[in-house]
Amino acid sequence: MIHPLEDHKMAPKTSALGICGVAVLLTLVAFPATAPCQLMAQEQANAELSPQQLAMMQSDAVHQLMLIGFALHDYHNHKRSFPAAFISDGDGKPLLSWRVAILPYLGDDARALYDEFDLAEPWDSPKNKPLIEKIPEVFRCPASRSPAGTTIYQTVRGSSTAFPGAEGIPIRGFTDGTSNTIAVVEVKDELAVPWTKPVDCNLNLAMPSGNLGGHFKRS
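Residue numbers for the sequence shown follow the numbering used here, beginning at 3 and rising by one.
Now the structure itself:
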């Protein structure tokens, strides 16, 4: 499932995350979380599914995360860095999510949607807010029951993560290499956010996996 980058030998520079393998790694992600601390509603819903149905949903989620991983790498190949945690204005104020920034690398339909955004306005401006309902399928986990237009696929924020803030980081900026650096995680439904909103999962070093997953039971 993990595919090394052609340029993975580039010398890294700053510290990266190695909290758990429950996420999309920058090497190329692909793991929906399977943490045992699951929401009761999700457990009840999963109990009604056959093992085959649950496995299919998990396979679909893995595929979505892989597509996001590919888009992040394609963005890097074009921009020479991964996207910033958010699209910002000239003063560094967050306007739109990184999920909007990678739309041009997720296919023709997503590229057309990207062109509908005003990148100089916030996510809830009169022009941008109606686009929330056009959430691309890649950001909708099949096992999630979060409200329409929201996503549980989020980056991990923090000074030593892949998405520290308003500036994107090049591959050489990761000390542990991309195969040990978490890029995107699956969070609990209660933490879902509008997919265009520049809000993500903050890193809690005391309990790094506390907000992750719960949508798929351990096999």
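The C-beta atom is built at its ideal place from N, Cα and C for all residues, glycine as well. Given the structure is predicted, the values throughout are model-derived calculations rather than measurements.
If residue i sits next to residue j, beta carbons under 8 Å apart, how far is it from one beta carbon to the other, in whole angstroms?
| i | j | result |
| --- | --- | --- |
| T153 | C203 | No, T153 and C203 are not in contact; Cβ-Cβ is about 11 Å, not under 8 Å. |
| D120 | K131 | The Cβ separation is near 11 Å, so there is no contact. |
| K95 | G170 | Their Cβ separation, rounded to whole angstroms, is 17 Å, which puts K95 and G170 out of contact at 8 Å. |
Please name the residue, chosen from the options, that lies closest to residue i on a Cα-to-Cα basis.
| i | options | result |
| --- | --- | --- |
| P196 | F88, E123, E135 | E135 |
| F84 | I104, S90, P96, M59 | I104 |
| H78 | E192, K190, A164, A194 | A164 |
| R159 | A86, L56, M59, L69 | A86 |
| R142 | M59, P53, G175 | M59 |
| Y155 | G92, Y116, T198 | T198 |
Quick check: residue i and residue j, are their CB atoms within less than 9 Å of each other?
| i | j | result |
| --- | --- | --- |
| A185 | G71 | yes |
| S61 | A168 | no |
| F88 | P172 | no |
| A145 | A63 | yes |
| L98 | E118 | no |
| V187 | Q66 | no |
Taking the alpha helix (DSSP H) that residue i falls in, what are its first and last residues?
| i | result |
| --- | --- |
| L56 | 53-81 |
| A164 | That residue, A164, is in no alpha helix (DSSP H); it is neither H nor E in DSSP. |
| A112 | 110-116 |
Assuming residue i is part of the beta strand (DSSP E), what are its boundary residues?
| i | result |
| --- | --- |
| V158 | 155-159 |
| L98 | 96-99 |
| F1 | The structure shown has nothing for residue 1, since the chain only spans 3 to 221. |
| S90 | 88-90 |
| I134 | Premise fails: I134 is in no beta strand (DSSP E) and is neither H nor E. |
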